[in-house]
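Down below is the structure, laid out as structure tokens.
2 protein chains.
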Amino acid sequence: MELRDFGEFGLIAHIRKLFPEIGDDCAVLPGRSGFFLLATVDSQVEGTHFRLSLIPPFSLGRRLLVANLSDIAAMGGIPRYALTSFVLREDIPFSWFEEFLLGLQEEALRYGVTVVGGNLARTAGPVTLDLVLLGEVEDDRPLLLRSNARPGDCIFVTGYLGEAKAGFLLVEQGEERSEYQPLRERFFTASPRLSVGRFLGSLGERIALIDVSDGLLQDLGHILEESKVGAVLEKEALPVSSLLAQFCKEKHYDPLDFVFRGGEDFELLFTAPPHLEEIILRSIPGRLGIPVSRIGNIIPEEGKIFIEEDGKLLPLSTLGFDHFVRKER
Amino acid sequence: MELRDFGEFGLIAHIRKLFPEIGDDCAVLPGRSGFFLLATVDSQVEGTHFRLSLIPPFSLGRRLLVANLSDIAAMGGIPRYALTSFVLREDIPFSWFEEFLLGLQEEALRYGVTVVGGNLARTAGPVTLDLVLLGEVEDDRPLLLRSNARPGDCIFVTGYLGEAKAGFLLVEQGEERSEYQPLRERFFTASPRLSVGRFLGSLGERIALIDVSDGLLQDLGHILEESKVGAVLEKEALPVSSLLAQFCKEKHYDPLDFVFRGGEDFELLFTAPPHLEEIILRSIPGRLGIPVSRIGNIIPEEGKIFIEEDGKLLPLSTLGFDHFVRKER
């Protein structure tokens, strides 16, 4: 038996058997007076998450922080300190490394993160970049846990989904038309939704929150699994940007595939009781300037996802999607 | 210009220009009431730090924690929480991964560390294992900083140096005689000196402390550089175990080379004012059961290291050692 026979989630399940204290994307630990300490780690591996020829080093430096910032956002937290671990080949141009560091520095400054330590190692193999991010969240607020969803809750998502995947395809295909530049930018570096996480935490309500790093279906699946509920998604409400729609039409792709399985959007997906719908739909665009859509409802049927279209409910499997499918990129 | 033209310390200097808050091996951050939070990260890279064929996976799992525990020890701290980042090939046998996790679990249990989170990624290249360790140290004690050494201080080191390097050579050469098993064990997994770090911190005195991860000369060099002082080492006082002496005699190696440049001993090297000599030499072996040697003195001459032998002082360079030379392994 090799690791490939287990898949990512099989291995994680095995690791959790030995280390049962491993929790959500962020560890929640005792912190300074008044706060929990949050800790999360994420890697960018050459050949798996990026290729040197496809992403400018400055963007890669920014991107290394994004997934971690998004994990802190998904806890309603404030990012504070980072430690880095870089495993580098000796033939990497110094100018590449310098640009990479400048990108990391810019993103750190933008979000108030102080890089306080790190480690360097050599390799003959792929460049591997790890970053650990420590953050804080007030300890007198309810945690925004994945297990918080209840039947009747509304499901919301920020921004537009699937654009990062479209950007990846554009870069991979060498498609350089300037009209698609916003999609490429979304692939290079998304905007972690820290302000939305802070806003949701400040409500002091029962909210299940996760960031969309592996595609809507997989990340919604985590909420459904941990809350032991199901979901109905309204097809017309799924946030497809006009640029993604144009791209998909031109390239003969199904935009739904990008929304459901495109990864690395780093939007926030959350459920909340219906009495919060109005304040959410008003405040997030109005006060934070970030689009938000109500895309469906939580239902009691555990693990089930239905799509509602023209008043009809279709189980997801009939549409050819499996919500625990691994992302392919 | 490629990264190889800068070397590890050149790159670290460049990183520190952009991120001036990066400190010693451990970051010292605001913590729970009464404590600083300590954070450190270390990697084990296949082909650089280990080879799958040479180290049993259980030992590798233990070893992944050791360098981090040693960093916490060097701050006089208590280890608390770990996050892991594993970059794995899909053709790795599951049984290998299972044994690796069991080794990590054993070492974590031994030192009271809770693994609270992690990340998994695929690669086609070398296995890369990162671990972040969070710890604590009381905030009302003087920190055991590398910059604390003053002329007249005594220099001490725990245990015996150079054994891990001898163990590495034995494993690499396929030398399987059982009399050398203790050296191989020292290479597989050293014992981080947490109790010594705690003892030194409890003294509340001006002590410069570092762990010996890169060989005595390089790590002493860090203390000398940051304290702007020099050192005299007494050749006869350097702790060479009888087993290392036997190994070097048989294989025609110079034991001094192992003591000075052997890496990954994870002993503690520290300086202290002379009035502490008696309590250090009595308490560390007597109360903690760990050998300790006084190996020399701090002198004012910045960056200079002399070796004292038969009453004569020889500058280190005449012996063919350069204390900023990178380790070769």
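Protein sequences appear in the order of chains A and B.
Mapping of the first sequence onto our numbering: residues 1 to 329, in sequence order.
Mapping of the second sequence onto our numbering: residues 1001 to 1329, in sequence order.
Virtual Cβ for every residue (Gly too), placed ideally from N, Cα, C.
Just so you know, these numbers come straight off a predicted model, no measurement behind them.
Asked	Found
With a CB to CB cut of under 8 Å and the five nearest residues on each side skipped, what residues in its chain are close to B:F1050?	Q1044, L1060, R1063
Checking contacts by CB at 9 Å: is A:V87 closer than that to chain B?	yes
Given 8 Å as the limit, is there contact between the stretch 159 to 175 of chain A and the stretch 262 to 276 of chain A, that is, 3 or more CB pairs closer than that?	yes
With B:I1000 as the anchor, note down where its beta strand (DSSP E) starts and where it stops.	With chain B running from 1001 to 1329 in the structure shown, residue 1000 of chain B is simply not present.
Please report how far the alpha carbon of A:M1 lies from the alpha carbon of A:Y111, in whole angstroms.	43 Å
Taking DSSP as the reference, what is the three-state secondary structure of B:E1163?	helix
Starting from the C-beta of B:L1134, find all residues in its chain whose C-beta is less than 6 Å away, skip the five residues before and the five after it, and write them out in chain order.	A1039, R1080, Y1081
Would you check if the stretch 1065 to 1075 of chain B and the stretch 1265 to 1272 of chain B touch, i.e. whether three or more CB-CB distances between them fall below 8 Å?	yes
What first and last residue would you give for the beta strand (DSSP E) that runs through B:C989?	Lying before the first or after the last residue shown, residue 989 of chain B is absent from chain B, which here runs from 1001 to 1329.
Tell me whether B:R1184 sits in a helix, a strand or coil according to DSSP, three-state version.	helix
For B:M1001, return the contacting residues in chain A, with the cut-off set at a CB-CB distance below 9 Å.	P93, F94, S95
Starting from A:P255, trace the beta strand (DSSP E) in both directions and tell me its first and last residue.	Note, A:P255: premise wrong, no beta strand (DSSP E); alpha helix (DSSP H) at 255 to 261.
Helix, strand or coil: which one does DSSP assign to A:L314?	strand
Less than 8 Å between the CB atoms is what I'm expecting for B:N1119 and A:D42, so what's the real figure, rounded?	6 Å
Just the C-alpha distance for B:L1129 and B:V1087, rounded to the nearest angstrom, thanks.	6 Å
Determine the contact status of A:T84 and A:V115, defining contact as a CB-CB distance below 9 Å.	yes
Would B:L1102 pass as a contact of A:L11 if the rule is Cβ separation under 9 Å?	no
Mind listing the chain B neighbours of A:G135? Cutoff is C-beta to C-beta under 9 Å, in chain order.	In chain order: nothing, as chain B lies at least about 12 Å away.
Per DSSP, which residues does B:E1267 bridge with? Please list them.	B:V1212
Along chain A, in chain order, which residues have C-beta atoms closer than 7 Å to that of B:G1359?	The structure shown has nothing for residue 1359 of chain B, since chain B only spans 1001 to 1329.
Determine, using beta carbons only, whether B:R1261 comes closer than 9 Å to chain A.	no
Relative to the C-alpha of A:H275, which candidate in A:G152, A:P20, A:L131 has its C-alpha closest?	A:G152
In the DSSP assignment, find the beta strand (DSSP E) that holds B:V1132 and state where it starts and stops.	1128 to 1138
Is the CB of A:V325 under 9 Å away from at least one CB in chain B?	Note that A:V325 scores a pLDDT of 39, beneath 50, so its modelled location is shaky; the value from the coordinates is reported in the next line. Not an interface residue.
Thinking A:I155 and A:G296 are a contact (beta carbons under 8 Å), I'd like their distance in whole angstroms, please.	4 Å
Assuming A:F377 and A:G167 are in contact, meaning their beta carbons sit under 8 Å apart, how far apart are those beta carbons, in whole angstroms?	Look at the range of chain A in this structure, 1 to 329, and you will see that residue 377 of chain A is not part of it.
For A:N297, report the span of its beta strand (DSSP E) as first-last.	292 to 299
When DSSP labels each residue in this structure, what does A:S241 get in the three-state scheme?	coil
From what residue to what residue does the beta strand (DSSP E) around A:F36 run?	35 to 45
Within the continuous alpha helix (DSSP H) that includes B:P1057, where are the two ends?	1057 to 1073
Quick one, are the C-beta atoms of B:T1189 and A:A121 less than 9 Å apart?	no
Can you pull the chain B residues whose beta carbon is under 8 Å from the beta carbon of A:Q105, in chain order?	L1018, F1019
Between the alpha carbons of A:L288 and A:R294, how many angstroms are there, rounded?	17 Å
Taking contact to mean 3 or more Cβ pairs, one atom from each stretch, closer than 8 Å, check whether the stretch 249 to 259 of chain A and the stretch 131 to 149 of chain A are in contact.	no
Kindly list, in the order they appear in chain A, the residues whose Cβ is closer than 7 Å to that of B:R1186.	Per Cβ cutoff of 7 Å: no residues; B:R1186 is ~21 Å from chain A at best.
From the beta carbon of A:R122, is the nearest beta carbon of chain B less than 9 Å away?	yes
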